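Protein sequences, first through last, are from chains A and B.
Residues in the first sequence are numbered consecutively from 10, following the numbering used here.
Residues in the second sequence are numbered consecutively from 10, following the numbering used here.
Glycine residues also receive a C-beta, built at the ideal position from the N, C-alpha and C atoms.
The structure presented is a predicted model; accordingly, all values stated were derived computationally and were not measured.
Heads up, the thing below is written out as structure tokens.
Number of protein chains: 2
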Amino acid sequence: MASDQKPADLETETTKAVEEPPRPPKSTSLDKCVTVDVVLRVVLFAATLTSLLVLVYQQSVKAPPRHRLSLRRRGGGQVQSLARFHLSCRYLAAAASVTCLYSIITILASISVLLKPAFNTSFLIFFAIWDVVILGVMASATGAAGAVAYIGLKGNRHTNWAKVCNVYDKFCQHLAGSIAVALFASIVLVFLIVLSVLSLHKKIPK
Amino acid sequence: MASDQKPADLETETTKAVEEPPRPPKSTSLDKCVTVDVVLRVVLFAATLTSLLVLVYQQSVKAPPRHRLSLRRRGGGQVQSLARFHLSCRYLAAAASVTCLYSIITILASISVLLKPAFNTSFLIFFAIWDVVILGVMASATGAAGAVAYIGLKGNRHTNWAKVCNVYDKFCQHLAGSIAVALFASIVLVFLIVLSVLSLHKKIPK
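Okay, structure coming up:
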């Protein structure tokens, strides 16, 4: 009986070894990287959506299109000025929209990488390159909106550029919030690129 | 004699084989990448230095410090306004200075990588991460200066932000040139990061 059991035990052990091959530690750490990537991309999505919604919300609350038009016809200078101030922040709204859409696409792509790790390297290259382009757009839009908002807040008495924020305090608070969130999104993008670079580095044999 | 010559020939061949081992194609392509990297960094240095010099030059020509001070005491509004307009572009000057200094350091580092390819991977990681940070700074500075210059060029009649460029035409031309070169530097930084990522990708075994 004892001699019969031995081959059976060996067989079971062999089957176990075939069924559960020991996973290399590298792929586990890469899985962790992809998980962090997904989390950061969700944060990026939330940040850009918040920035966009705050910009759109304040525009709709302060000066709805019809009201703006009727006031324009009557010569309503103040509401027009607000709308005009908004125009200079259109670039930020456009950049936030593009980044938001991009983050949705890359969240789905990252999840697909988690499910099928074979495409990992191709996606890492794709992510790293496009993240850099999106970072450039977001950073410049944040800088542009920040500069205009600063003039709106402080004015410039030498060039006779008047303050706007002492009249539209809530508008400026919203705008500042939107810019702060956009800046946060840019920093998240920097972290995402660094993560992609480090993930690529992990794949290089030492 | 013929039998004596044969071992001598063999020895020469063996020595040749030891002296000149066939170089793998990968390292050649990586050398090319490092060469392109050095060239791009030299272009980056030239672009940021040009941007910085144009900003500093126009400031010194238009309003030298003593003249500015004396006019300020007398209440010289126009020259003050120019100086004030400059202040809003200080961020671009600071960003260009930092990028210029950074490009010098990385040119030297890239040349050292060409001489000692053993440090290649470590430098690629270093370059990629710092390039991303510098790109964020340069892009936001370009955006900020561009936004302020646009207000200076077009004005904003609704917020009573007057044009400045119809008075200081040469100043605005210089500023536009400086911003254009800064934008070019940002694009060069994008290419540098993409190059680093692709170089890392080449080192991954397929």
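Limits of the alpha helix (DSSP H) - the one that residue i falls within
i, result
"B:Y100", "99–124"
"B:V203", "178–211"
C-alpha distance - residue i paired with residue j, whole-angstrom precision
i, j, result
"A:D46", "B:I202", "19 Å"
"B:A92", "B:D140", "Because B:A92 carries a pLDDT of 48, less than 50, the predicted location of this residue cannot be relied on, and the following value inherits that uncertainty. If you take the alpha carbons of B:A92 and B:D140, they lie about 32 Å apart."
"A:K163", "A:I134", "43 Å"
"A:P73", "A:V65", "Any reading at A:P73 needs caution, since the residue's pLDDT is 39, under 50, leaving its predicted position unreliable; the model's value is listed next. Going by the C-alpha atoms only, they are around 11 Å apart."
"A:I213", "B:K212", "6 Å"
"B:H210", "B:A102", "35 Å"
"A:V52", "B:D178", "45 Å"
"B:F180", "B:V190", "15 Å"
"A:L58", "A:I114", "14 Å"
"A:C98", "B:L39", "43 Å"
"A:A137", "A:F200", "11 Å"
"B:G206", "A:F132", "Note that residue 206 of chain B corresponds to Val in the displayed sequence, not to Gly. The alpha-carbon atoms of B:V206 and A:F132 are separated by roughly 12 Å."
"B:V107", "A:C109", "30 Å"
"B:V197", "B:I143", "11 Å"
"A:Q89", "A:W170", "For A:Q89, the predicted model reports a pLDDT of 46, less than 50, meaning its position is unreliable and no value from the coordinates is stated."
"B:R75", "B:L192", "Bear in mind that the predicted position of B:R75 carries a pLDDT of just 39, short of 50, making it unreliable; the figure below should be weighed with that in mind. Whole-angstrom Cα-Cα distance: 32 Å."
"B:P126", "B:A185", "41 Å"
"B:R32", "B:F128", "Because the pLDDT of B:R32 is 48, which lies under 50, any placement of that residue in the model is unreliable, and the number read from its coordinates should be weighed accordingly. Cα to Cα, B:R32 sits roughly 18 Å from B:F128."
"B:I120", "B:A55", "17 Å"
"A:Y159", "A:V63", "18 Å"
"A:T168", "A:A148", "27 Å"
"A:K215", "A:L124", "27 Å"
"A:V176", "A:A156", "18 Å"
"B:R81", "B:S208", "Note that B:R81 has pLDDT 45, beneath the 50 cutoff, so the model's placement of it is unreliable and no number is given."
"B:Y100", "B:T151", "9 Å"
"A:L78", "B:I116", "Only weak support exists for where A:L78 lies, its pLDDT of 39 falling under 50; the value from the coordinates is given anyway. Cα-Cα distance, rounded: 56 Å."
"B:L204", "A:K172", "45 Å"
"A:K41", "B:C174", "54 Å"
"B:V48", "A:H183", "44 Å"
Residue-level contact to chain A via CB, residue i, 8 Å cutoff
i, result
"B:V47", "no"
"B:L124", "no"
"B:T168", "yes"
"B:I143", "no"
"B:A171", "yes"
"B:V52", "no"
"B:T6", "The question about residue 6 of chain B has no answer, for chain B in this structure spans 10 to 215."
Under the three-state DSSP convention, the category residue i falls into
i, result
"A:N129", "helix"
Below-8 Å beta-carbon distance, residue i vs any chain B residue
i, result
"A:L64", "no"
"A:A150", "yes"
"A:A56", "no"
"A:A153", "yes"
"A:A137", "yes"
"A:T44", "no"
"A:T37", "no"
"A:L162", "no"
"A:A127", "no"
"A:A156", "yes"
"A:L209", "yes"
"A:K179", "no"
"A:P214", "yes"
"A:I134", "yes"
Minimum Cβ-Cβ distance from residue i to chain E less than 8 Å
i, result
"B:K179", "Of the chains in the structure shown, none is chain E; the protein chains are A and B."
*According to a CB-to-CB cut-off of less than 7 Å, which residues of the segment 183–203 of chain B neighbour chain A?*
S195, V199, I202, V203
*Report the residues of the segment 102–116 of chain A with a CB closer than 7 Å to any CB of chain B, ordered along the chain.*
none
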